[in-house]
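Engineer: Remember, my numbering sits 109 above the position in the sequence shown when you count from 1.
Next up is a structure, given as structure tokens.
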Amino acid sequence: MFESIFSRQLANPSGLFGRLITARWLEKANVGMNALTLESLALGTNDRLLEIGFGSGYLLEQVLSSRSCDDVAGVDVSQEMVQHVSRRLRRHIENGKAEIRHGDIESIPFGDAEFSALCTVNTLYFWRDAKLALAECQRVLKPNGRLAICFNSKEDLAQWPGHVHGFTLYELADVEEMLVAAGFTGIEKRTGNDKDQGEFYCLTGIAA
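Here it is in structure tokens:
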């Protein structure tokens with residue numbers, strides 16, 4: 110029962126549990142994946158970054174604090190996380206450096222070619238329509254914009270019993286093929302490992 114509840118929380122943190130437990134767990138669990146994602150994107154001060162599924166807002170805050178780039182935005186399906194991160198990044202939002210919106214990757218609530226970089230960490234498993242999701246990423250990215258997708262290996266994630274509750278697991282080769290089919294070029298892979306989560310990948314691609 111708990112695994113089913115926690116799996117649903119990972120997909121869409123909600124309520125007191127989502128705010129106090131899920132958000133904190135995600136922040137701790139995703140430290141290595143967030144670091145690899147930012148390394149892969151190699152952001153510059155002129156970039157505008159969009160994160161899909163920002164969870165606790167840790168990655169966006171890291172970018173703003175380090176001045177990797179001065180213009181970020183985030184989209185999340187969880188109203189709870191939108192409210193939480195809007196408070197966390199209030200100063201940056203008021204200064205016009207951050208924008209937080211409710212939405213999902215299949216219908217990104219931003220206009221065409223607004224971003225030079227886009228990332229998403231540990232959300233791939235919950236996409237309803239991967240083809241549409243990647244088409245939306247292409248749409249909001251500028252020509253030659255960079256996409257980074259970070260996700261756990263299928264083999265390691267399959268060992269966690271909770272994956273049967275709403276997760277779709279992907280082989281690395283499958284995600285690479287999806288990116289190519291969506292029109293991304295220059296696909297590159299970086300690999301990391303976490304003592305709790307196991308092996309994970311960060312795939313990057315260049316938008317058309």
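Glycine included, every Cβ here is placed at the ideal spot set by N, Cα and C.
Source: prediction; values computed, not measured.
Closer than 7 angstroms by C-beta to residue 149: which residues in its own chain qualify, once you throw out the five before and the five after it? Chain order, please.
Structural biologist: Reading the sequence shown from its first residue, position 40 is the one you call residue 149. Closer than 7 angstroms at the Cβ level, and outside the excluded window around residue 149, lie 257, 299, 311 and 313.
Engineer: How about residue 185 and residue 211: do their beta carbons lie closer than 8 angstroms?
Structural biologist: Translated into positions along the sequence shown, residue 185 becomes position 76. Translated into positions along the sequence shown, residue 211 becomes position 102. Cβ atoms of residue 185 and residue 211: closer than 8 angstroms.
Engineer: Alpha carbon to alpha carbon, what distance is there between residue 219 and residue 199?
Structural biologist: The sequence position of residue 199 within the sequence shown is 90, counting from 1. The sequence position of residue 219 within the sequence shown is 110, counting from 1. Looking at the two C-alpha atoms, the distance is approximately 20 angstroms.
Engineer: Would you mind stating whether residue 267 and residue 156 have Cβ atoms separated by less than 8 angstroms?
Structural biologist: As a first step, residue 267 is located in the sequence shown; it is residue number 158 there, counting from the start. As a first step, residue 156 is located in the sequence shown; it is residue number 47 there, counting from the start. For residue 267 and residue 156, no; Cβs fall outside 8 angstroms.
Engineer: Where does residue 127 land, buried or exposed, given buried means 16+ other C-beta within 10 angstroms?
Structural biologist: Locating residue 127 in the sequence shown gives position 18, counting from the first residue. Note that residue 127 scores a pLDDT of 49, beneath 50, so its modelled location is shaky; the value from the coordinates is reported in the next line. Counting Cβ neighbours within 10 Å, residue 127 comes out buried, since at least 16 surround it.
Engineer: Let me confirm a value: residue 116 is counted as buried when at least 16 other C-beta atoms fall within 10 Å, else exposed. Which label applies?
Structural biologist: Here the question's residue 116 lines up with position 7 in the sequence shown. The predicted position of residue 116 is uncertain, since its pLDDT is 49 and thus under 50; a value taken from the coordinates is nonetheless stated next. When all chains shown are included, residue 116 counts as buried.
Engineer: Going by DSSP, which residues form a beta bridge with residue 257?
Structural biologist: Translated into the one-based positions of the sequence shown, residue 257 becomes position 148. Per DSSP, 228 and 313.
Engineer: List the DSSP bridge partners of residue 158.
Structural biologist: Counted from its first residue, the sequence shown places residue 158 at position 49. Answer is 181 and 226, bridged to residue 158.
Engineer: From residue 204 to residue 194, what distance separates their C-alpha atoms?
Structural biologist: What you label residue 204 is simply residue 95 of the sequence shown in a count that begins at 1. What you label residue 194 is simply residue 85 of the sequence shown in a count that begins at 1. Taking the straight line from one Cα to the other gives about 15 angstroms.
Engineer: Could you give the DSSP three-state label for residue 302: helix, strand or coil?
Structural biologist: Residue 302 sits at position 193 when you count from the first residue of the sequence shown. Strand, per DSSP.
Engineer: Out of curiosity, what's the CA-to-CA distance linking residue 191 and residue 250?
Structural biologist: For the purposes of this step, residue 191 is identified with residue 82 of the sequence shown, where counting begins at 1. For the purposes of this step, residue 250 is identified with residue 141 of the sequence shown, where counting begins at 1. The alpha-carbon atoms of residue 191 and residue 250 are separated by roughly 22 angstroms.
Engineer: Can you tell me whether residue 189 is buried or exposed? The criterion is at least 16 other CB atoms within 10 Å of its CB, across all chains shown.
Structural biologist: Your numbering for residue 189 matches position 80 in the sequence shown. Label assigned to residue 189: buried.
Engineer: With 16 other CB atoms within 10 Å as the buried threshold, where does residue 295 fall?
Structural biologist: The count along the sequence shown starts at 1 and reaches residue 295 at position 186. Exposed.
Engineer: What's the C-alpha gap between residue 153 and residue 253?
Structural biologist: In the sequence shown, residue 153 corresponds to position 44, counting from 1. In the sequence shown, residue 253 corresponds to position 144, counting from 1. Those two C-alpha atoms are separated by around 14 angstroms.
Engineer: Using 10 angstroms around the beta-carbon of residue 114, count the other beta-carbons present and answer buried if the total reaches 16, otherwise exposed.
Structural biologist: Your numbering for residue 114 matches position 5 in the sequence shown. Low local confidence applies: a pLDDT of 49 at residue 114 is under 50, so the model's placement there is unreliable, with the coordinate-based value given in what follows. The residue is exposed, with fewer than 16 neighbouring Cβ atoms inside 10 Å.
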